[in-house]
Amino acid sequence: MTDRATQLLDWYDRERRDLPWRMEPGQNADPYKVWMSEIMLQQTTVASVKSYYKAFLEKWPTVQDLAGAELDEVLHLWQGLGYYARARNLHKCAVEVTRQYNGRFPEDEKRLLDLPGIGPYTAAAIASIAFGNKATPVDGNVERVVSRLFKVEEKLPKAKKKLAELAQTLTPQTRAGDFAQAMMDLGATICTPKKAACGLCPWMKECEARLKADPTDYPRKEAKKPKPTRTGYVFWLTRKDGAVLMRRRPEKGLLGGMMEFPSSDWQEKALSRQEAQRKAPAPALWSELEGTVRHTFTHFHLELKVLKGRISGNPPTTGVWVLPENLQDYALPTLMKKVVKKIFENR
DNA sequence: CAAGCGTGGTC
DNA sequence: TGACCAAGCTT
Numbered sequence: 015m016t017d018r019a020t021q022l023l024d025w026y027d028r029e030r031r032d033l034p035w036r037m038e039p040g041q042n043a044d045p046y047k048v049w050m051s052e053i054m055l056q057q058t059t060v061a062s063v064k065s066y067y068k069a070f071l072e073k074w075p076t077v078q079d080l081a082g083a084e085l086d087e088v089l090h091l092w093q094g095l096g097y098y099a100r101a102r103n104l105h106k107c108a109v110e111v112t113r114q115y116n117g118r119f120p121e122d123e124k125r126l127l128d129l130p131g132i133g134p135y136t137a138a139a140i141a142s143i144a145f146g147n148k149a150t151p152v153d154g155n156v157e158r159v160v161s162r163l164f165k166v167e168e169k170l171p172k173a174k175k176k177l178a179e180l181a182q183t184l185t186p187q188t189r190a191g192d193f194a195q196a197m198m199d200l201g202a203t204i205c206t207p208k209k210a211a212c213g214l215c216p217w218m219k220e221c222e223a224r225l226k227a228d229p230t231d232y233p234r235k236e237a238k239k240p241k242p243t244r245t246g247y248v249f250w251l252t253r254k255d256g257a258v259l260m261r262r263r264p265e266k267g268l269l270g271g272m273m274e275f276p277s278s279d280w281q282e283k284a285l286s287r288q289e290a291q292r293k294a295p296a297p298a299l300w301s302e303l304e305g306t307v308r309h310t311f312t313h314f315h316l317e318l319k320v321l322k323g324r325i326s327g328n329p330p331t332t333g334v335w336v337l338p339e340n341l342q343d344y345a346l347p348t349l350m351k352k353v354v355k356k357i358f359e360n361r
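For the first sequence, the working numbering assigns the number 15 to the initial residue and increments by one for each residue that follows.
As structure tokens, this is what we get:
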């Protein structure tokens, strides 16, 4: 075992955080729980994940339970966590593990990689954390820690391969799972993007970036493209009994499979209200609510104006009529919750 | 392989 | 207050 790995594992044994999906030392990890937490933690903070993790484990304690659920139930419980393709793949993966592997996750990275929603990081995380195999999951934390430890000048994302190779050289033959979690804990609590707590770092004395530069200047990154702003109109259409019209978004793409209120296209070139109303789900006397619903996605900003109307004539054939008090029964993305909030503010 | 894909917290 | 960032995957 390298000196560095020993230093980090010693630190981890002292400072290890107690997380819901983390087993006590010496206990066997449950691959289902490791998998569930790793999927949820993709691009998502520990603080956000905790309550979702508990809710999912309580509702579906085993992978077979999850495989038996309806996709809509899964999307519903996932609402607000974002990146909804994860929820769709989570369900698909549970079905595959149940059918192809008799409910037991495969142990090796290669077969884990074949499962939906499991990429190089997650395959290595499950292999090491759940099964104790020597594997090196490389996430944003590991990239940051390694880029500082070795003061890597090459910029991300180009540097990914080099950083992964350096991380592998650090991984010890035994306790690879603990080592992986230690690396991520270090990145999450000490070797943070801004204001790193170097004084508390087990690698303080050998960190090249600390010795020769400012660690927070690493990893180097390519400049990001600016986010455009798209705009559109969203329609809050009610009928006599107060029910509002909703529809399900297509399976693929943005907010796939989630429920929404009908809207015009969202585009960078602003639509006039006149043009937008032609895209309404039904003819109605529309009144525009004051203000704007703002939301930022990964690659664009969105500003929606809300048009409120009451059905006159024949109702649209597509869509679902939902009483506002029953909105909680449906999988609403945060954007659509903001629309609901705007409506209730204006009543 | 670059782009698409959410959301909430932080500074 | 707006940009940055978080235990990435898919196409």
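Ideal Cβ placement from N, Cα and C applies to all residues, glycine included.
Own chain partners of residue i with C-beta closer than 6 Å, once the 5 adjacent residues on each side are dropped
i      : result
Glu317 : Thr245, Thr306 and Arg308
Leu80  : Trp74 and Ala108
Asn103 : Pro130 and Gly131
Thr136 : Glu52
Leu22  : Ala196 and Pro216
Leu85  : His105
Gln362 : Limits of the chain in this structure are 15 at one end and 361 at the other, which puts residue 362 out of reach.
Gly117 : Val77 and Gln78
Beta carbon of residue i nearer than 8 Å to that of residue j
i      : j      : result
Leu285 : Gly333 : no
Pro151 : Ala138 : yes
Glu302 : Arg287 : yes
Tyr46  : Val77  : yes
Val354 : Val248 : no
Tyr66  : Trp35  : no
Arg261 : Gly271 : no
Phe275 : Trp300 : no
Gly146 : Thr348 : no
Ala10  : Ser326 : Residue 10 lies beyond the residue range present for the chain, which begins at 15 and ends at 361; the question has no answer from this structure.
Ala69  : Leu33  : no
Arg253 : Pro329 : yes
Met50  : Leu71  : yes
Contacting residues, own chain, Cβ-Cβ under 7 Å from residue i (five flanking each side not counted)
i      : result
Ile143 : Ala43, Val48, Gly191, Ala194 and Gln195
Gly82  : none
His313 : Lys241
Arg189 : Leu23
Glu123 : Ala137, Ala138, Ala141 and Ala149
Arg31  : Asp199
Lys352 : Val307 and His309
Val336 : Ala257, Val258, Met260 and Tyr344
Residues that DSSP places opposite residue i in a beta bridge
i      : result
Lys322 : Trp250 and Ser301
Val258 : Thr252 and Val336
Lys235 : Leu170
Glu317 : Thr245 and Arg308
Gln281 : Thr245
Glu274 : Arg261
Proximity to residue i [Cα-Cα], best of the options
i      : options                           : result
Asn360 : Val60, Lys322, Met350 and Pro329  : Lys322
Thr185 : Met273, Ala149 and Thr310         : Ala149
Pro240 : Ala227, Phe164, His315 and Leu225 : His315
Lys283 : His313, Thr243, Ala298 and Ala294 : Thr243
Arg100 : Glu265, Leu341, Ile357 and Val336 : Glu265
Leu214 : Lys64, Ile204, Lys356 and Arg31   : Ile204
Lys356 : Gln57, Ala290, Glu304 and Asp17   : Glu304
Gln182 : Asp153, Trp25 and Thr206          : Asp153
Pro207 : Asp228, Glu29 and Arg18           : Asp228
Thr58  : Asp343, Gly96, Glu38 and Phe358   : Gly96
Arg18  : Gln114, Met218 and Thr112         : Met218
Leu269 : Gln56, Met350 and Arg30           : Met350
Gln56  : Arg118, Arg31 and Met198          : Met198
Glu339 : Glu110, Cys221 and Gly256         : Gly256
Phe164 : Lys226, Arg113 and Val111         : Lys226
Glu324 : Ala294, Phe311 and Glu87          : In the sequence on display, residue 324 carries Arg and not Glu. For Arg324, the nearest C-alpha among the options comes from Ala294.
8 Å contact criterion, which residue i and residue j should meet: CB distance rounded
i      : j      : result
Leu89  : Ala296 : Wrong, their Cβ atoms sit about 26 Å apart, outside the cutoff.
Arg162 : Ala223 : 4 Å
Arg234 : Lys169 : 4 Å
Leu127 : Ile140 : Between Ile140 and Leu127 the Cβ distance is about 10 Å, and since that is not below 8 Å, they are no contact.
Residues near residue i in its chain [Cβ-Cβ closer than 8 Å; skip 5 each side]
i      : result
Ala202 : Val60 and Asn155
Val166 : Val160, Ala173, Lys176, Leu177, Leu180, Tyr232, Pro233 and Arg234
Lys238 : none
Thr230 : Pro207, Lys208, Lys209 and Ala210
Ser62  : Leu95
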